[in-house]
Amino acid sequence: MWWILDSEKGEFCATGIHGQVIYINRSKNTVMVWFSNQPGRQHPKY
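Residue numbers for the sequence shown follow my numbering, so the first one is 977 and each next one is one higher.
Next up, the structure:
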């Protein structure tokens, strides 16, 4: 799911089903990515 944190600064983030995160801040020319895995929280489709 994507979230708009500050549209004027171009700040966005996305969260994944197992705790993954993508953070983007265009005004600071920054992208951060967190990879993670939370065992036991699996969805049958994935």
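C-beta atoms are modelled at their ideal positions from N, C-alpha and C, and glycine is treated no differently. Please read these numbers as outputs of a predicted model, since none were measured by experiment.
Quiz item: Alpha carbon to alpha carbon, how far is isoleucine 980 from asparagine 1005?
Solution: Distance between the alpha carbons of isoleucine 980 and asparagine 1005 is about 16 Å.
Quiz item: Among the residues of its own chain, which have a CB less than 7 Å from the CB of glutamine 996, if the five just before and after it don't count?
Solution: Cβ within range, chain order: Trp1010, Phe1011 and Ser1012.
Quiz prompt | Close Cβ partners of isoleucine 1000 (< 6 Å) along its chain, the five nearest in sequence each way excluded | solution = For isoleucine 1000, the CB contacts under 6 Å within the same chain, skipping 5 residues up- and downstream, are Phe988 and Val1007 in chain order.
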